[in-house]
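Novice:
Chains as they are written, first to last, in the working numbering: chain A, 1 to 207; chain B, 208 to 414.
Shown next, in the form of structure tokens:
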């Protein structure tokens, strides 16, 4: 079974928040093809923007062109909302409405870093445990008192929603999702292929 | 003093090999602006391709548009050669010639992962210690017997040339270059901003 992964891009997205998970799911496919040649690819990875312009200028000026617009995006099993400068994304009513609509049919909506603010604005984290970049924990608590904000976990997987700590923690969360959906062996082999020190669960963020 | 960083992009570049160092140098600038507002940005980060088409389709299909072509690239103090599927890059005579010409005026040419094969093809690693992705160490040894290939170090900095282990090790090498050129404090603060567990030097790759 192949799960579709859709990674949001936007102007001022944090490069590694988006590219880390993209790398993880892509490498998981390559490792799977090598180690399980008869199996379907575990993931089909897309990127998407919410407007008509598919080019996103990430932080630092890296220009990434999304494969899809929100309107043309096929149903996604896994949605990744990266962080960065998320102000415009937090008030993007088309995106917030889409996230609310999609929640029932999506296996997990995963936010990296300040992407948690987008999920919180969509009302999806009320009463839920969540984390974000260490610099923004207090702000998340203040703005969304109904979210149980946790400081320390590298990531939190609440089943239908998941959140990670800052920037590079998105790699750990994505590896965890590979383990959850395609098995611990593939996740371990993916981390090894990326030469990335990783153990699933329980790891604290080093800040 | 601002140092210019030029990161090569090409079709089938490994996403994290290029985007990891891009993130590190960009975040170092942001952290520097926050902590040392009177100082110049330590880095000016560009991406470049060797042909006329500035769009590179990275592994997994991510489309990244370079800011420069090789012809239009200003002099670079730091050059980063990522890995990926490097066959076409290893036989790109314009690039190999440019690397040989630039070596005298560049502070460091840094290869991530299989980017080491490009430096080796340019004849730049003869008699030098180097490393690469664990999967490719034997091939690097076999093809370039005059390179002293090392298995284990997360990265090796030989002064004018540096190499790293696989994929995510490019983040560690870039953080080391931030320490080398802009100080250990800024490198540590950059790693912390990226929520990335990092200590300079001596760390082994986990494969």
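Think of the CB as a built atom: it goes at the ideal place given N, C-alpha and C, for glycine as much as any other residue.
Using a C-beta to C-beta distance shorter than 7 Å, which residues of chain A count as neighbours of residue 399 of chain B?
Specialist: By one-based count along the second chain, residue 399 of chain B stands at place 192. Near residue 399 of chain B (Cβ distances below 7 Å), the residues of chain A are 207.
Novice: Considering only their Cβ atoms, is the gap separating residue 230 of chain B from residue 15 of chain A smaller than 8 Å?
Specialist: Position 15 of the first chain, counted from the first residue, corresponds to residue 15 of chain A. Position 23 of the second chain, counted from the first residue, corresponds to residue 230 of chain B. Yes, the Cβ-Cβ distance between residue 15 of chain A and residue 230 of chain B is below 8 Å.
Novice: Is the shortest distance between the beta-carbon of residue 157 of chain B and the beta-carbons of chain A less than 8 Å?
Specialist: The question about residue 157 of chain B has no answer, for chain B in this structure spans 208 to 414.
Novice: Does DSSP classify residue 193 of chain A as helix, strand or coil?
Specialist: Numbered from 1 along the first chain, position 193 holds the residue referred to as residue 193 of chain A. Correct three-state label for residue 193 of chain A: helix.
Novice: Would you mind sorting residue 400 of chain B into buried or exposed? The rule is 16 or more other CB atoms within 10 Å of its CB.
Specialist: Against the second chain, residue 400 of chain B aligns to sequence position 193. Residue 400 of chain B comes out buried.
Novice: Examine chain A for any beta-carbon lying closer than 8 Å to the beta-carbon of residue 229 of chain B, and answer yes or no.
Specialist: Walking along the second chain from the start, residue 229 of chain B turns up at place 22. It does: the Cβ of residue 229 of chain B has a partner Cβ on chain A nearer than 8 Å.
Novice: Take the Cβ of residue 350 of chain B as the centre, count every other Cβ of all protein chains shown within 10 Å, and call the residue buried at 16 or more, exposed below.
Specialist: For the purposes of this step, residue 350 of chain B is identified with residue 143 of the second chain, where counting begins at 1. So residue 350 of chain B counts as exposed.
Novice: Here's the rule: buried if 16 or more other CB atoms are within 10 angstroms of the residue's CB, otherwise exposed. What is residue 279 of chain B?
Specialist: Numbered from 1 along the second chain, position 72 holds the residue referred to as residue 279 of chain B. Exposed.
Novice: Closer than 7 Å, Cβ to Cβ, to anything on chain A: give me those residues from the region 359-378 of chain B, in chain order.
Specialist: Listed by position, the residues of the region 359-378 of chain B near chain A (Cβ gap below 7 Å) are 372, 373, 374, 375 and 376.
Novice: Closer than 7 Å: is that where the CB of residue 236 of chain B sits relative to any heavy atom of the ligand SAH?
Specialist: The ligand content of the structure shown is nil, which means the ligand SAH is not present either.
Novice: Here's a check: name, in chain order, each residue in its chain whose Cβ is nearer than 8 Å to the Cβ of residue 326 of chain B, leaving out the five neighbours to either side.
Specialist: Walking along the second chain from the start, residue 326 of chain B turns up at place 119. So the list reads 288, 306, 316, 318, 332, 337, 368 and 370, once near-sequence residues are dropped.
Novice: Could you work out which residues of chain B lie near residue 197 of chain A, taking near to mean beta carbons separated by less than 7 Å?
Specialist: For the purposes of this step, residue 197 of chain A is taken as residue 197 along the first chain, with counting starting at 1. Those within 7 Å of residue 197 of chain A in chain B are 413.
Novice: What residues from chain B crowd round residue 60 of chain A, counting only those whose CB sits closer than 9 Å?
Specialist: Your numbering for residue 60 of chain A matches position 60 in the first chain. The answer, in chain order, is 229, 230, 232, 233, 234, 236, 237 and 252.
Novice: Residue 42 of chain A and residue 28 of chain A look like a contact to me (Cβ under 8 Å); what is the Cβ gap, rounded to whole Å?
Specialist: Position 42 of the first chain, counted from the start, is the residue given in the question as residue 42 of chain A. Position 28 of the first chain, counted from the start, is the residue given in the question as residue 28 of chain A. Their Cβ separation, rounded to whole angstroms, is 6 Å, which keeps residue 42 of chain A and residue 28 of chain A in contact under 8 Å.
Novice: Measure the alpha-carbon distance for residue 87 of chain A versus residue 3 of chain A and round it to whole angstroms.
Specialist: On the first chain, position 87 is the one that residue 87 of chain A refers to. On the first chain, position 3 is the one that residue 3 of chain A refers to. Rounded to the nearest angstrom, the two C-alpha atoms are 30 Å apart.
Novice: With DSSP collapsed to three states, give me the class of residue 276 of chain B.
Specialist: Within the second chain, numbered from 1, the residue matching residue 276 of chain B stands at position 69. Three-state result, residue 276 of chain B: strand.
Novice: CB residue 168 of chain A to CB residue 60 of chain A, shorter than 8 Å?
Specialist: On the first chain, position 168 is the one that residue 168 of chain A refers to. On the first chain, position 60 is the one that residue 60 of chain A refers to. In this structure, residue 60 of chain A does not lie closer than 8 Å to residue 168 of chain A by Cβ.
Novice: Looking at the secondary structure, which residues open and close the beta strand (DSSP E) in which residue 164 of chain A lies?
Specialist: Position 164 of the first chain holds residue 164 of chain A. That run of the beta strand (DSSP E) goes 161-164.
Novice: Which residues in the same chain have their Cβ closer than 6 Å to the Cβ of residue 165 of chain A, if we skip the five residues on either side of it in sequence?
Specialist: Start at 1 with the first residue of the first chain, and residue 165 of chain A comes out as number 165. Excluding residues within five positions, the ones whose Cβ falls inside 6 Å are 131, 154 and 205.
Novice: Check this for me: beta carbons of residue 286 of chain B and residue 381 of chain B, under 8 Å apart or not?
Specialist: Here residue 286 of chain B is taken as the residue at index 79 of the second chain, counted from 1. Here residue 381 of chain B is taken as the residue at index 174 of the second chain, counted from 1. Not a contact, by the Cβ cut-off of 8 Å.
Novice: Quick one: is residue 271 of chain B near chain A, going by C-beta distance under 8 Å?
Specialist: Residue 271 of chain B sits at position 64 when you count from the first residue of the second chain. It does; some Cβ of chain A falls within 8 Å.
Novice: Can you give the Cα-Cα distance for residue 50 of chain A and residue 176 of chain A, rounded to whole angstroms?
Specialist: Working through the first chain from its first residue, we reach residue 50 of chain A at position 50. Working through the first chain from its first residue, we reach residue 176 of chain A at position 176. Cα to Cα, the separation comes out at about 27 Å.
Novice: Can you find the residues in the same chain that come closer than 7 Å, C-beta to C-beta, to residue 406 of chain B, ignoring five residues on each side of it along the sequence?
Specialist: Looking up residue 406 of chain B in the second chain gives position 199. Result list for residue 406 of chain B: empty, nothing under 7 Å.
Novice: Using a cut-off of 9 Å between C-beta atoms, extract the partners of residue 133 of chain A located in chain B.
Specialist: Locating residue 133 of chain A in the first chain gives position 133, where the first residue counts as 1. Residues of chain B passing the Cβ test: 400 and 402.
Novice: Give the C-beta separation of residue 47 of chain A and residue 9 of chain A to the nearest angstrom, bearing in mind that I take them to be a contact with Cβ-Cβ under 8 Å.
Specialist: Position 47 of the first chain, counted from the start, is the residue given in the question as residue 47 of chain A. Position 9 of the first chain, counted from the start, is the residue given in the question as residue 9 of chain A. Right, their Cβ atoms sit about 5 Å apart.
Novice: Just checking: is the beta-carbon of residue 292 of chain B within a distance shorter than 8 Å of some beta-carbon in chain A?
Specialist: Against the second chain, residue 292 of chain B aligns to sequence position 85. With 8 Å as the cut-off, residue 292 of chain B does not count as an interface residue toward chain A.
Novice: For residue 203 of chain A and residue 149 of chain A, I'd like the C-alpha separation in whole angstroms.
Specialist: Taking the first residue of the first chain as position 1, residue 203 of chain A is located at position 203. Taking the first residue of the first chain as position 1, residue 149 of chain A is located at position 149. In a straight line, the C-alpha of residue 203 of chain A is about 17 Å away from that of residue 149 of chain A.
Novice: Please report the straight-line C-alpha distance between residue 68 of chain A and residue 54 of chain A, rounded to a whole angstrom.
Specialist: Locating residue 68 of chain A in the first chain gives position 68, where the first residue counts as 1. Locating residue 54 of chain A in the first chain gives position 54, where the first residue counts as 1. Their Cα atoms are separated by approximately 7 Å.
Novice: Note down, one range per segment and in chain order, each beta strand (DSSP E) of at least 3 residues found wholly within the region 316-391 of chain B.
Specialist: Here the runs fully enclosed are 362-364 and 368-371.
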